[in-house]
Structures are given as C-alpha cells and as structure tokens.
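In what follows, a structure is listed as structure tokens, so that the remarks can point back to it.
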Amino acid sequence: MIAEDLTVKLLKTIEPAEKIFSQNDRVSELKNLQLLKNGVQKKEILLLICGEFKNGKSSLINSIIEQSICPVDIDITTAVVSIIRYGEKNKVIRYFGTVENIQEEIIDFEDIDKYSKASSIDSDDTIFLEIELPAEKLKEGLVLIDTPGVGGLDARHGFLTSYFLSKSDLALFVTSAQDPFSSAELEFYREKVLPVCDSPAIVVNKIDLATNSAEILYDVKNKVGQFCEIESDNIKVLVYSSLLKLEFQRTNKKEDLDESNYIQLEQLINCKIDDYKINKYINVCDYTIEILDDIKSPLIVQLEQLQSNKPIDIETLNDAYKERSDRINELKDPTSAFRRKISRQIQEARSGAMATLQEQFVILSSDKLKKYISEPKANAETVKAKVDNDISTLASKIDGIILSKFDELSCLFESQFNEQMSLGYKVPSSYFEREIKKPLGQKSFDFIRQNYSNVIVAGVITSVLAPISLVVAVGAGAFMIWQGVKSFLTGRAHEREIAIQNVINPQIRLATDNLNKYVNDKFNAFQYAIEDMISTEAKNATFRAKEIVESIQKIEKKNKEQKIEMQQLVEHKIKPIEQLQGYIQRLKEQVK
Amino acid sequence: MELLNRILVILKSAEYRLNAPALEPLKDIIRRTFERLESPMQVAIIGKISSSKSTLVNAILGQDEVVTTGFKEVTFNVSWLKYGSNKNDIIVHYKNNQTPDSFSRENWLKWANHENSDKIKETISYMEVPYESSILKKINLIDTPGLEAFYSIDSQNTKDFLTKVKKPDAVIVLFSKGASKNIIDVVRDFQGTFSESFTPINAFGILSKIDDYWPSENDALIAGKRMTTKMTEEEPIIKRTLFNVLPLCSQLALASSVINNSDIALLDKLSSIPVEVFQNSIKTASRFVSENSELNLSIKERDYLQSKFGRYGILVLTNYIRDHKDVSLKEIKALLKKISGFDVFMETLENHFNKRATLIKLISALAELKTSFLKKATELNAEGKSVIDSINSEIDVVLNSEPDYKEFEVLQYFYRGNLDLTKEQENDLLHITGEYGDSALKRLNFAEKHSVQEMVERAYAKRAEWNNYKATYGLLDPVFEEAAEVISNSYLILKNKIVEAENKFTEANNFLFNI
C-alpha cells in the first residue's frame, strides 16, 4: 500500500530533478516524466469485470457497490458496457449514435435497465453508459466496468468486451461454480484477457451452489495453468458468492458475510490496485534516476580527466567531434539519406498494414460474402452475423497489428540510429569513448516501445469521445449492416441475395474507411513521435559532445592548481545529483 | 403409416431388381436402409460439459446410475442405450474399423475408470449398452461427452459421432445458462448433414439446471419458462434451429422415479424444525452439510438428501410435507414431475419425437440412401445407374404425393425463412401440421374441448380462408401458393378424418351400448 503522503513526498523530491532536466535542456525527457507522473497522480483505477454470459458479473458489481445498478434478472443478459464511477449525485449518461455523429444524453436512473439489457434483436444504438453514483466503495477512485458476457449469440458482445479490456487498468475474470471451467472460457482468458492485462485474477462466483470449493479452486487453477502455460501458483483464483453478500446487506448476519468471501474479494481488489500503483510509482523513480545518470556522465568524464594526468590528443578529439557533428546534422535534416530511409520504412510498414486491411475487406466483400450468401442454410440474419463477426475480429486485431509494426520499427530504428552515430576510429579517453559510443537513443526508444503504445490507446474512458472512435467506427458499421439486413429478414430468397449484397457492401466499405482512417492516424502519430525523438536526441547528442570536448580542451589548458579548483567545481555539480538519486532510491525502496 | 409402407414397397421391389452381382453393393445400401427404418428412432443428448445430460438420460430411463454422473467431466464416451437385457454384454465400437468387442458389465466397469479414460477416449468411437426399459423400444438414447470440454477430445468425439459416425435421427440439446454460440453451431452442423433439410424438426432444446435460479426466484419452473419464452422470441437463430426450448431440472426429474419412503421420512423430520432455522440452513450448499448445523439430521443424511434432490428440491418437498400431513409417495412423485418440468418434457418427447418418428427417420434414412447411391454411382455401369435413377424417382413420386411429406416440406420452407406468413397464418400452419400436438382439437387450435360439429365448421372455415389466401397472394409468390394449397388440403383431410372418426364412434357406440 502506498500512503498518500509517500506519493506527495516523491513528487516533491523529484521537483529538483525536473529543474536539472530543464537546465540540461532535456525537454522530451521532461515530457515523458510528466506522463509517468500523471500515472502516479491518477486517482481513478479502471477495473473491468469480464467473463462468459450469465456468470454473475453484474451481480458481483452490485454486491460491491451495495446497490442494484446492473440488471441481474435471470432472463436477461447485459448487452452494453457500463462504466460506474463515484459522483456526488446519481447521474447516467448514455452514449449512442454512429461514427459520423456520436451523441450523448442524460437519462433517468430508472432507465438503466432499459438500455443495458437489450437482446440482440432489438438492441438499440447505445455504445455505453456512464453511471455516476455516491457509493462509498467508489469514493477512493475505483471505477468499475461491467461488460456484456462473451460466448452468447451476439458477436458484438465479445468485441465490446475485448475493446474495453485493452483500455482498463485491471481486470477480473468471472466464472461460475455452476459449471466446470470450459474450453470456451479458457480460450477467451488466454487469447483476449492475458495479452492485455497483468495477471488478471479469476473469481468463481455463485459458490453458494457448491460444497466442493477446494476442488473447484484446484480444477480452475489446474486447467488455466495447463492451457495458458502458467505456473498454477501464480494464478490468483478466489471463490465468491454475490448472492450471500447481498443477503448480508439484508440480514446483517456475520455468517452470510463470512461465507460470501467478500472480505477476501475486497482484499484481492485492494491488493491489485496497490500493485498497480506501486508499479506506476516505481516507474517514476526508475526513470528519474536513469535520466539523472545520463546527465551526470559527461561530468564524470571531466572528473576522470581532471584526476588522471595523461595528456589527450586534442587533434584526434576534434576530428571525432567534427565527424560526429556532421552525422548528427544529417539526422536533424529531414531531407538527409538517413531520415528519408526512416520515413520510407514507416511508409512501407504503413502500406503493409493497410494492404492487410484492404485485402481482408476485399475478401470479405467478395468471396466471403458470396460464400455466406450462397450457403444452403443462409439467410440475411446468418450472413449479417458472419460479416459482423469478421469485421469485429479484424477490428480487434488492428491495434495488435499496428503495435507489432511499431515495435518492429523502433527496434530497427534503434540499431540504424546507433550505426549512424558510431565512429570509425579510436578516440582517446576511455570515458569519452564510452560516452561517444553509447547507444544514444536506447532510453528513448525503450520509452517509445513501453509507453507509446499506451499513449496511443490509453486515456480512453476518462475523456470520452476520442477513445471511443474505434468502437463507434466498427460497432456502428456492423450495427448498420445488421439494421439494413434486418429489414430483409422477411424478403424472398432469390431477390434477397442481391438485396443483401446491396445493403452489406456499402456498410463493409464504411467500416473499411473507418478502419483505414484509424490506421492512418496512428501511423501519422507514430511517425511524428519518432521524427521528433530523433531530432531531439540528435540535438542533445551534439550539445553533450560539444560540452565534453570543450571541457576537456579547457582542462588541457589549465595548470595544476586550476585543475584542482575545477575538480572541486565538477564534484560540486555531481554531488547534488547523486544525493537526489539517493533520495529517490530510498523512496523507491520504501514501497517494496 | 402409409407413407412408410409405400416406401418399403419401392425398396423391396428394387431389391428384387438388383440381381446382377455388380449391383450387390446397392443391395447392401438398401438393406441398411431397411434396418434403419425398422429400428427405433435414435435421439442423441448433447450439450455443454456438466449440463446434466447423463442425469437426464437416467431420468428418462427412471433409474439411478445407468450412466455415471458428477460435477466434473465424467462422461468420457458416447453411450448408445438400446433395448435389451441388463445382463447382456456391452458392445464397444472402435474408431479404426477394428471388429467390435464385447465386455461383460463387470469387466467393463473394472476397465473403464479414470485411469484408462485417455485410452478409451482415443480408441473408442462409441459403445452399445443394452438396457431393459420400455421407452428404449421406441426411442434409443445416446448419451454424449460434453461440448466445450477442457479435454478437447471429448467434444470432438461427440461432434464426430453426430456428423460422421452414426448421424442420429434427432438431438436434444441441453444448456444450463442460455444458448451459447458454440453449442448452436454444433446443432446446425448436425442439421446440415441432414439432407440439407434445415429445420428445427429434429432438434429441441432444454434449459437445464433450472433449480439454480432459486433463491433469486421463488419458483424455478416459472423462472425457467420466462427465460425460454424470451429466448425463443428474441433470438431468431434459436427459433430457426430448435423446435422448442423447455425448462427442466434433470436432478428432480430423476428423483421423481427414484424417491422412496425412507427419503420422505427424512424430509418429514426436516419439516418439523422451525421454519426460520431451516431456511437459514439451506441458504448455501456447504452450510446445509456443515458440521455445526442446527438441523436434526446427520451430516451423512443431509449430504445424501442434497445430492439426491438439491437444495431447491429439499425446500419444496419439505414445505409440501409440512403443509400436507400423511402425504403419499405417489403424490410426491407427481409433485416432483411437475416442479422439475419433467411431465411437460416427456409429453413433448412423446408428441414430437415419437409421433413424428417415422417421418423424421424416413427423411434421414432416405437422405443417407441417396448419398450412398451417389457415392456408388461412379463405380456402376449404365444399367446400374438407370436402376438408381428409377429408384430415386419412384421415391420422389411417392413423397410428393404424400400429404404428410408435403406438410413437412412446407414446414421446412417456413423454418428456412422462405415463406412469408402473417402471425395468424404462422399460427395456423404450426397447429395444422401438428407442431403443437396431434389431436384434432390441437390441430384446429382449440384451447378446450369442442363438439365435432364445431370442429368440422372450423376446418371448413380455415380451408376457405387458405383457398382465399392462395387466390389473393399466390400469383405473386409460387412458394406461398404451393404452401397455401398444402395447408388448405390438410384442413380438408383433417375434416374428413373427423367425420370418419365420428362415424366410427357412433358405430362403435351402437354396437356396444344400443339396447
């Protein structure tokens, strides 16, 4: 658990570091640090509840917030995503519409049921609900996300769940003691939950139905362990009964509370939140220490030179410096060969991704659509379901395709960057050599790799409109296909074939356009970030190299006394940085 | 059934015509079709793991542990239950065309335990289990391993059996929470092989384990009905895939056969403790069997009751016994049949599968006959081919002249979505074709008893109505025209049958009772 004051202390402690960053012209590092700091300061933690349909996700949420917000009647299934957060007063906003026109409206609290439980035949155009309520449990910033179950008959449900899954901080996978853990559940857990969530816990709800909870726990752990190839000790599984927890609110009997296992669930959630926060906290510490190290190293080069009495060949040093400057200048010039190469590579990756997308859509709107329509059992509804499913699958894969391209590219650029910067001949001074040969962009590339993907896709739910564009794009596209097709459900077979194509094809194109735009935007953002980073890195490298060369030249000109004086000066500069690093290190150790 | 007889005549005469040795394989095909038509209908019970399939099989047979049951994945092979002595050997069929083996029951039980389960799953295709229960004379039951099982070979064995190995005539699909896409896909695959005749006629759904809806709901059966109604109304794919979906609690269905007087004595004892203590103790499964329970039964007794009736069953039975002193075993059995949904289930099984059995069997047998012919046709000379063609066309002629078959075809069109009907027309169609019951009253959509005169009048009126539909819309839509003709004709046939039945009735009455 991170105490509130510890975070405050850390933020206070790194203030001087930020000053040092800006004194040393580390602008992009300052920006990165700000992003990491936002993570620590963020009050809201998004906890997503997912699992197969009718496993008691909504009742689990109701039992946590101690209110019946999510509809739980046995004959209905949750059909939309609900985001439930703290608010002074009850308030519900419904987001709906199509990609061209996203709208929101405030609806009555009593109408939540109406919008969240629609069945697939008359589900309206709701994309998600945002619910604010004055629940004590949410006051600390816990935000619960209720999702439609997966595995039912509506393909859109699974898609909505996976989309929001990648936008949440934490996830609970809910299964039920009613049935053994099935292969469909395992597949969802392995394919959709594991890749985007850090050790998602599993809750076996409805344990009130069973007498063999130990056996169930073992069974779930064992299956997940085997299927996902995880040590079963590392899988967190908890049995729970939302029924008993809700019963406890009525009876106030201790035995109901105890047997519901609610205390353990609460602990589990708190523990997950703590881990999440600690992680963010440590990220800030590590990053600050690392950048300070970086700032410190030219000073250490100077110090070493001051302490040793070996003379340095200024000529060679100057040559090395000059060559390096030239190369750096090339990096800064957008028309240079290196920069053109990079933008060509980004372009290639972009067209690769687009081609995959295009190809899929061509297949979908020609061969596949024809095949679906001409299947002996085909009717408008099955065709719609299949197309819908294909688009959803493709859309949910897009982020993955884009991210793997970005990862590939940043690795490639890192090695090209270092190749460009390395010098052909030996330079004097081992420290200088190390400094000049140091893989310059590594930290920045790492940062891009680790954080850029999150920057692209994160920040979704808190600021509402931007985040949802993809869901709307595809969801709405698929939705409109379905609406169009619905009117043909009653049509005649032979006329229908053409009619279906006429309705579905424009919708497939609409979905294509939306996805194309999405991919393009992401690549533009990525290219801009990469180029910006390379320019900054280049500028910083020039600056640092110049600083080192000049200081060493100065040192060479100095006599013994001046050297001692200068040594004291450098030591004086290094000392506060090291001190600061020490403080941060200690603050970091306090959370472990 | 007349249709069956006419088809049998065609096949018999075909057999005589196939004298040339080269045509011997065709004879085999025809013989297999005979066999199939003469044997009972085969109904496979399928569903997700642990959706109480085996319990349902036991319940239909009215006997505990004919097939094993349990919480986890315990059914690890396909069991085909046929009529025969309980002492007869179990016949094991292998996947690799190896000759089937016979096992005595004792030896089988010794071998078929969990240690050997992997081997069994790998090598065995299915096993035939003879069992002495009269229902098996009419319908063979096939118990299958669960779908969506962790051990994927379980699900594969079931899917293979349905589409490749045996192709049963019909399936009963169980799901415990709601229909999942995976399960519906399996049913549709099965139906797809069914001569491309895509209709829910050969599949019906069971919403099982309805007792789990208690205590959120007081009456599990009512809750289950609400859910099944909603499912069929709101999910078009359900309506197109399954004939009907019924709520059921297999455990209590089985209990209605196997409950005995000593069980009632235990429940009677429970009914004597204060209601509040009882209700609190039954709140969760583990509390009911806990060591420091306030209940007046031993842990062993409580455990026994819970595994036999479940908490919902115990609650309903105990409350009933408390309110009705000196209740009889018969009364309790009837109560269990009712609250479990078993009475409606058995009625539907009888109405739908048993009465339509011949037609369903005929369709699937003829489909297989045609497919086998098609496969063989390439190996035959011109003479052989012409024999096949003539048999095929004779069958088609018979089928097309048979009102029952024509009705079936119209139903197919309807379920495929190729027939545009108003709500009222749809209602007429489903009733007259016997989808809701076979009696004249039900086919005319009368809710209660009516006189023969009234029935005849309605049949007339409906026939006129459908003739009118045919004249008005038929020109625009040939499919509708044909359907309207078939339905109108069905009303005429029904009217004739009613009149005929009344005459016979009067005749019989005169003969027996006239003084």
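Chains A and B supply the protein sequences, listed in that same order.
To convert, note that position 241 of the first sequence is 241 in our numbering; the numbers rise steadily by one, no gaps.
To convert, note that position 327 of the second sequence is 1327 in our numbering; the numbers rise steadily by one, no gaps.
Note that CB positions come from ideal geometry on N, CA and C, so glycine has one too.
- Look at the beta carbons and you see the segment 14 to 33 of chain A not touching the segment 131 to 144 of chain A: under three pairs across the two are nearer than 8 angstroms.
- For I1238 (chain B), the enclosing alpha helix (DSSP H) covers residues 1236 to 1241.
- Within the segment 31 to 108 of chain A, the beta strand (DSSP E) runs of at least 3 residues that lie entirely inside it are, in chain order, 45 to 51, 81 to 86, 91 to 98, 101 to 107.
- Scanning chain B for C-beta atoms nearer than 9 angstroms to the C-beta of A79 (chain A) yields nothing, as the closest lies near 11 angstroms away.
- Using a Cβ distance threshold of 7 angstroms, S1372 (chain B) and I1029 (chain B) count as a contacting pair.
- By the Cβ rule, the segment 1174 to 1187 of chain B counts as touching the segment 1237 to 1244 of chain B, because three or more pairs are nearer than 8 angstroms.
- Buried is the label assigned to P71 (chain A), since at least 16 other Cβ atoms lie within 10 Å of its Cβ.
- For K386 (chain A), no Cβ of chain B is located within less than 7 angstroms of the residue's own Cβ.
- Under a criterion of Cβ atoms nearer than 8 angstroms, no residue of chain B is adjacent to T542 (chain A); the nearest Cβ is some 60 angstroms distant.
- Distance from the CA atom of D1212 (chain B) to the CA atom of V1289 (chain B), rounded to whole angstroms, is 18 angstroms.
- Just measuring C-alpha positions, the residue of B:V1479, B:I1493, B:L1349, B:N1467 sitting nearest E1435 (chain B) is B:L1349.
- The beta carbon of T1472 (chain B) sits closer than 7 angstroms to none of the beta carbons in its chain outside the five residues before and after it.
- In the structure shown, the three-state DSSP call for P576 (chain A) is helix.
- In the DSSP annotation of this structure, F181 (chain A) is not part of any alpha helix (DSSP H), being labelled neither H nor E.
- The beta-carbon of I1183 (chain B) is placed no less than 7 angstroms from the nearest beta-carbon of chain A.
- Closest by C-alpha distance to K42 (chain A), out of A:L194, A:A355, A:N520, A:I273, is A:I273.
- DSSP places L1141 (chain B) in the uninterrupted beta strand (DSSP E) bounded by 1139 to 1143.
- The segment 297 to 306 of chain A and the segment 1013 to 1026 of chain B do not touch, with fewer than three beta-carbon pairs separated by less than 8 angstroms.
- K1308 (chain B) sits away from A1365 (chain B), with the two beta carbons spaced by 7 angstroms or more.
- Any Cβ of chain B closer than 7 angstroms to the Cβ of A210 (chain A) would place that residue at the interface, and such an atom is present.
- Residue pairing by DSSP places Q1042 (chain B) opposite B:N1140 in a beta bridge.
- For D179 (chain A), a Cβ of chain B is located within less than 7 angstroms of the residue's own Cβ.
- Between E187 (chain A) and chain B, the shortest Cβ-Cβ separation is not below 7 angstroms.
- Contact between the segment 1335 to 1352 of chain B and the segment 1204 to 1211 of chain B is present: three or more C-beta pairs spanning the two stretches fall below 8 angstroms.
- Pairing Q1453 (chain B) with Y1312 (chain B), the inter-Cα distance amounts to about 47 angstroms.
- Within the segment 1266 to 1288 of chain B, the residues whose Cβ lies closer than 9 angstroms to any Cβ of chain A are, in chain order, N1280, K1283, T1284, A1285, S1286, R1287, F1288.
- Interface annotation, G1178 (chain B): in contact with chain A, CB-CB separation under 7 angstroms.
- Under the three-state reduction of DSSP, L142 (chain A) is assigned to strand.
- DSSP places T126 (chain A) in no alpha helix (DSSP H) but in the uninterrupted beta strand (DSSP E) bounded by 126 to 133.
- Contact residues of the segment 46 to 71 of chain A toward chain B are F53, K54 (C-beta to C-beta distance below 7 angstroms).
- An exposed status is given to Q347 (chain A), since fewer than 16 other beta-carbon atoms sit within 10 Å of its beta-carbon.
- With a threshold of 16 other beta carbon atoms within 10 Å, R1036 (chain B) meets it and is buried.
- Judged by DSSP secondary structure, F1103 (chain B) falls within the beta strand (DSSP E) whose first and last residues are 1101 to 1103.
- One finds nothing in chain B with a Cβ atom closer than 8 angstroms to the Cβ of L160 (chain A); even the nearest lies about 15 angstroms away.
- Beyond the five residues adjoining it in sequence on each side, I1360 (chain B) comes within less than 8 angstroms, by CB distance, of M1041, D1169, A1170, I1201, N1202, F1353 in the same chain, given in chain order.
- The Cβ neighbour count for V8 (chain A), taken over all protein chains shown within 10 Å, is under 16; the residue is labelled exposed.
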